[in-house]
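Report on the following structure.
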DNA sequence: ATAATATTCAACCAAATGGTTGATGAAAAA
DNA sequence: TTTTTCATCAACCATTTGGTTGAATATTAT
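Chains as they are written, first to last, in our numbering: chain A, 1 to 124; chain B, 1001 to 1124.
Shown next as structure tokens:
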């Protein structure tokens, strides 16, 4: 399972890359909705929304529980944490690069006997 | 410009939804690379990697600075923060839903004169 | 039993995606 | 100047995506 984690991220980021699906996620994050309720605000067919929901399900971002003929849709937040972790990891590498640059500049300035600002940084 | 922010998110999440592009981002997060250097580890043509880079550029996740005939590629972390914020927002709504459920259960249990656990929660 | 409702499925379509190869342009090296 | 090198562009191709419509399925209501 070397790249299964990566393919899961593919699915999650792909699922998030659409405004309709993000809107659906925002709604189910607050409360559970049926497919019809989710579809109602959108100017597209029920089948189209059903497909969007399936994309979200394949990313495991949304879970359906069957209650007779209706499906109740809820958010599953777990994959969001993986996506957030991936993004945080990139930001962290970036921060380290900046830190190294800061250190380099600080040393250069010290060697030149200068004072003053370093690269602007967000405070940890 | 109502939905320009949304379309920017579309581009960022779409850019992140590919393992090659994520790997490119991880590299440029640490240091600057030329297009050829970025392409070298991948089993695909230079033109293909060039296209991936263009996707990252359109998402503003990557910036190129031209130095003669080479392009030096660096991470631009700003769009990552927007993506992270969107994810955090979903998680926040989810947490509030759980909090409301907790409150409901607590009140039910109190009314029934019971004690004991509530829904399991991650500590803030 | 029949009809209405909720949802999915299947077939289709246009557009976008992710890859290829070969030509091109512009800068650097010979 | 000629030749490499770095990178993009253009044309092409197969697959995926995001939508449609109409039929199918299963459950609930009459």
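C-beta: ideal position from N, C-alpha, C; glycine also.
Element boundaries [beta strand (DSSP E), containing residue i]
i	result
residue 1004 (chain B)	Where residue 1004 (chain B) is concerned, there is no enclosing beta strand (DSSP E), although the alpha helix (DSSP H) it sits in stretches over 1004 to 1016.
residue 1074 (chain B)	1070 to 1075
residue 67 (chain A)	62 to 67
Alpha-carbon to alpha-carbon, residue j and residue i
i	j	result
residue 1049 (chain B)	residue 1024 (chain B)	9 Å
residue 74 (chain A)	residue 1005 (chain B)	26 Å
residue 1020 (chain B)	residue 1044 (chain B)	10 Å
residue 99 (chain A)	residue 27 (chain A)	40 Å
residue 1082 (chain B)	residue 1070 (chain B)	30 Å
residue 18 (chain A)	residue 92 (chain A)	26 Å
residue 1056 (chain B)	residue 1047 (chain B)	14 Å
residue 1041 (chain B)	residue 76 (chain A)	35 Å
residue 34 (chain A)	residue 1080 (chain B)	32 Å
residue 1059 (chain B)	residue 66 (chain A)	38 Å
residue 96 (chain A)	residue 72 (chain A)	44 Å
residue 36 (chain A)	residue 1068 (chain B)	57 Å
residue 101 (chain A)	residue 1011 (chain B)	29 Å
residue 51 (chain A)	residue 106 (chain A)	55 Å
residue 38 (chain A)	residue 1022 (chain B)	32 Å
residue 54 (chain A)	residue 1054 (chain B)	29 Å
residue 3 (chain A)	residue 1063 (chain B)	28 Å
residue 94 (chain A)	residue 1007 (chain B)	24 Å
Where the alpha helix (DSSP H) containing residue i begins and where it ends
i	result
residue 1050 (chain B)	1046 to 1058
residue 19 (chain A)	19 to 30
residue 141 (chain A)	Past the edges of chain A, shown from 1 to 124, lies residue 141 (chain A), and the structure says nothing about it.
Cβ of residue i within 7 Å of any chain B Cβ
i	result
residue 42 (chain A)	no
residue 53 (chain A)	no
residue 74 (chain A)	no
residue 101 (chain A)	no
Chain B contact residues for residue i, given Cβ-Cβ distances below 7 Å
i	result
residue 57 (chain A)	None at all; the shortest Cβ gap to chain B is about 16 Å.
residue 26 (chain A)	1090, 1093
Beta-carbon spacing of residue i, residue j below 7 Å
i	j	result
residue 1061 (chain B)	residue 1032 (chain B)	no
residue 29 (chain A)	residue 1009 (chain B)	no
residue 1084 (chain B)	residue 87 (chain A)	yes
residue 13 (chain A)	residue 1013 (chain B)	yes
Residue i at chain A interface by Cβ criterion, 7 Å
i	result
residue 1098 (chain B)	no
residue 1093 (chain B)	yes
residue 1085 (chain B)	no
residue 1062 (chain B)	no
residue 1077 (chain B)	yes
residue 1121 (chain B)	The pLDDT assigned to residue 1121 (chain B) is 42, lower than 50, so where the model puts this residue is not dependable, and the model offers no usable value.
residue 1124 (chain B)	Note that residue 1124 (chain B) scores 35 on pLDDT, short of 50, meaning its location in the model is unreliable and no value can be drawn from it.
Neighbouring residues, chain A, relative to residue i (Cβ below 7 Å)
i	result
residue 1016 (chain B)	13
residue 1006 (chain B)	19
Interface partners of residue i on chain B, CB under 8 Å
i	result
residue 10 (chain A)	1017, 1018, 1019
Closer than 9 Å at the beta carbon, the chain B residues around residue i
i	result
residue 80 (chain A)	1087, 1088, 1090, 1091, 1094
residue 30 (chain A)	1093, 1094, 1096, 1097
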